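Here our numbering runs 17 ahead of the position in the sequence shown, where the first position is 1.
Here is the structure we will look at.
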Amino acid sequence: MWPDTQLTRALGVALPIVQGPMAGGVTTPQLVAAVANAGGLGSLGAGYMDAEAIRSAIREIRALTGRPFAVNVFVGEPRAEAASGVDKVNEAMHVYRRELGLEAPTQLKGVPLLDEQLHVVLEERVPILSFTFGVLSAAWLQRLHSAGCSVMGTATTVREAAALADAGVDLVVAQGAEAGGHRGTFLAPVDRSMIGLVALLPQIVDQVRVPVVAAGGIMDGRGIVAALALGAAGVQLGTAFLPCPESGAHPKHKDAVLSATDESTVLTRVFSGKPARGIANRFIAEMSRHDDAIPPYPIQHELTTDIRRAAAAAGRAELMSLWAGQAAGMSSSRPAGEVVTSLNAQVETLLRRLRG
Ligand SMILES: Cc1cc2nc3c(=O)[nH]c(=O)nc-3n(C[C@H](O)[C@H](O)[C@H](O)COP(=O)(O)O)c2cc1C
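This is the structure we're talking about:
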């Protein structure tokens with residue numbers, strides 16, 4: 018019974034509430050530690066961080082909490098060749114570069130290497146690794162398990178959940194179509210993998226033996242109780258933690274989330290080349306016209322890096338990626354520890370009421 022579930026037992030946390038990893042600086046060590054200290058599982062979104070940045074964030078988290086926490090990485094396919102459309106897409110983005118006073122990039126910066134990131138996770142004895150965008154290799158799963166690290170993989174379909182369970186992950190995160198940020202999709206085309214959490218969760222629970230964590234659109238005790246009823250061992254919330262004072266999200270991003278409604282978000286590839294859910298803005302509206310030519314991740318991500326950075330520095334929300342889930346309209350800005358404590362209290366009240 019709540020809060021004692023397969024998740025709390027597997028991961029050694031008091032509450033089956035996971036603060037979702039949010040790469041790009043949102044999940045600061047302060048946010049991760051505040052959630053951990055309140056009894057939840059904080060996750061560092063390390064997908065875009067190089068090895069040394071991950072190491073120093075882990076050490077900062079450890080200075081702030083003695084509780085378990087997770088590090089999250091991207092398990093992608095090898096870098097794709099740039100498609101022929103790159104020049105056209107790059108040209109279409111010159112208008113933003115001109116507005117922001119930028120030159121066209123002469124060289125792409127590249128993305129951090131997974132092996133180097135995982136070596137730090139091992140060396141620093143991180144208790145929990147979560148990943149998205151694919152299946153971690155058998156060799157790494159075995160190495161992490163031998164070091165006592167629990168591993169969580171992200172699925173957006175039943176087939177992906179089965180592939181993760183077969184590979185030997187300890188928990189599966191079921192990412193419903195409602196979720197903010199990138200889709201973890203790696204098997205079927207994304208338009209076939211946009212399955213709402215109410216449909217996805219029980220089908221995954223029926224398919225795999227490992228505990229399942231529900232993600233997507235959960236913002237309060239009602240969402241948590243619904244997920245438990247559908248068979249989840251725990252929940253993962255991203256958008257709900259994004260406006261917290263401890264979050265590193267840009268103030269304009271927090272404002273956009275706090276003023277969003279259920280109609281605010283769209284699925285888009287224009288920022289990174291990978292489909293992700295975010296608040297509609299000018300960049301998405303204009304660049305969607307070139308959708309067919311947009312190169313795959315990480316090429317488009319690298320092409321837009323300078324624009325996103327300069328837009329953030331100038332506070333130009335219309336050119337920034339404002340990732341958020343479909344339930345952003347229910348968000349509020351409170352310290353992360355309070356969010357966790359309040360979620361727990363809401364679940365307890367609701368369960369008492371339902372028992373009658
Ligand atoms: C800004 C943002 C960034 C995200 N980055 C990651 C990430 O790096 N890795 C990952 O596995 N999930 C990522 N997600 C997904 C969250 O961890 C979480 O599963 C999701 O937000 C749950 O749906 P919700 O936003 O409706 O709560 C991100 C979500 C957001 C909103």
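Note that beta-carbon positions come from the ideal geometry of N, C-alpha and C, so glycine has one too.
None of the values given here were measured: they were computed from a predicted structure.
### Task
State the Cα-Cα distance for the pair V11 and V229, rounded to the nearest angstrom.
With the chain covering 18 to 373 only, the question about residue 11 has no answer from this structure.
### Message
For Q23, tell me which candidate among G248, R294 and D279 has the shortest Cα-Cα distance.
### Response
Considering only G248, R294 and D279, the residue with the shortest C-alpha distance to Q23 is G248.
### Query
Any heavy atom of ligand 1 within a distance shorter than 6 Å of the CB on T322?
no
### Task
Would you check if the distance between the CB atom of A87 and the CB atom of S154 is smaller than 7 Å?
Not in contact: A87 and S154 (Cβ atoms no closer than 7 Å).
### Query
Taking only runs of the beta strand (DSSP E) that begin and end inside the region 271 to 304, which ones reach a length of at least 3 residues, in chain order?
282 to 285 and 293 to 296
### Message
Within the continuous alpha helix (DSSP H) that includes Q224, where are the two ends?
### Response
L214 to Q224
### Query
With 16 other CB atoms within 10 Å as the buried threshold, where does H111 fall?
exposed
#### Entry: 7 Å Cβ cutoff met for T173 and R200
yes
### Message
Residues in the same chain with beta-carbon distance under 6 Å from V103, minus the five sequence neighbours each way, listed in chain order, please.
### Response
P312
### Task
Could you spell out the range, first to last residue, of the alpha helix (DSSP H) harbouring S163?
A155 to S163
### Task
Taking G83 as the reference, give the member of G185, V143 and E94 with the closest Cα.
Checking every option, the nearest Cα to that of G83 belongs to V143.
### Query
Who does A172 pair with in a DSSP beta bridge?
A191
### Query
If you check the beta carbons only, do I71 and P46 fall under 7 Å apart?
It is not a contact, given that the beta carbons lie outside the stated cut-off.
### Message
I'd like to know whether the C-beta atoms of V207 and G151 end up nearer to each other than 7 Å.
### Response
no
### Query
Looking at C-alpha atoms only, which residue of T256, M211 and T358 is the closest neighbour of M347?
M347 has its Cα closest to that of T256, out of T256, M211 and T358.
### Query
Relative to the alpha-carbon of I235, which residue among G342, A180 and Y113 has its alpha-carbon at the smallest distance?
G342
### Message
Please report the straight-line C-alpha distance between L320 and L125, rounded to a whole angstrom.
### Response
7 Å
#### Entry: For V252, three-class secondary structure by DSSP
Shown here, V252 sits in a strand according to DSSP, grouped into three states.
#### Entry: Opening and closing residue of the alpha helix (DSSP H) in which G354 lies
A353 to R372
### Message
How far does the beta strand (DSSP E) with L58 in it extend, from its first residue to its last?
### Response
Taken as a continuous stretch (DSSP letters only), L58 belongs to no beta strand (DSSP E), as it is neither H nor E.
### Query
Would the beta-carbon of L339 fall within 7 Å of that of I301?
The answer is no: Cβ separation not under 7 Å.
### Message
Just to confirm, is the Cβ distance from E195 to L218 under 7 Å?
### Response
No, they are not a contact pair.
### Task
Classify M18 as buried or exposed, calling it buried when 16 or more other Cβ atoms lie within 10 Å of its own Cβ.
It is exposed - the Cβ of M18 has fewer than 16 other Cβ atoms within 10 Å.
### Message
If distances are taken between C-alpha atoms only, which option among A250, D279, T171 and D309 comes closest to L204?
### Response
L204 has its Cα closest to that of T171, out of A250, D279, T171 and D309.
### Query
What residue does the beta strand (DSSP E) around V88 start on, and which one ends it?
F86 to F91
### Query
Looking at A216 and A273, is the spacing between their C-beta atoms short of 7 Å?
Cβ atoms of A273 and A216: not closer than 7 Å.
### Query
What's the call for P33, buried or exposed, on a 16-neighbour Cβ count within 10 Å?
buried
### Query
Would you say M39 touches ligand 1, meaning its beta carbon is less than 6 Å from a heavy atom?
yes
### Which residues DSSP lists as bridging I145, in chain order
DSSP output for I145 lists A87 and S167 as bridge partner(s).
### Pick from V357, A180 and G290 that is closest to T322, judged by C-alpha positions
The candidate whose alpha carbon is nearest that of T322 is G290.
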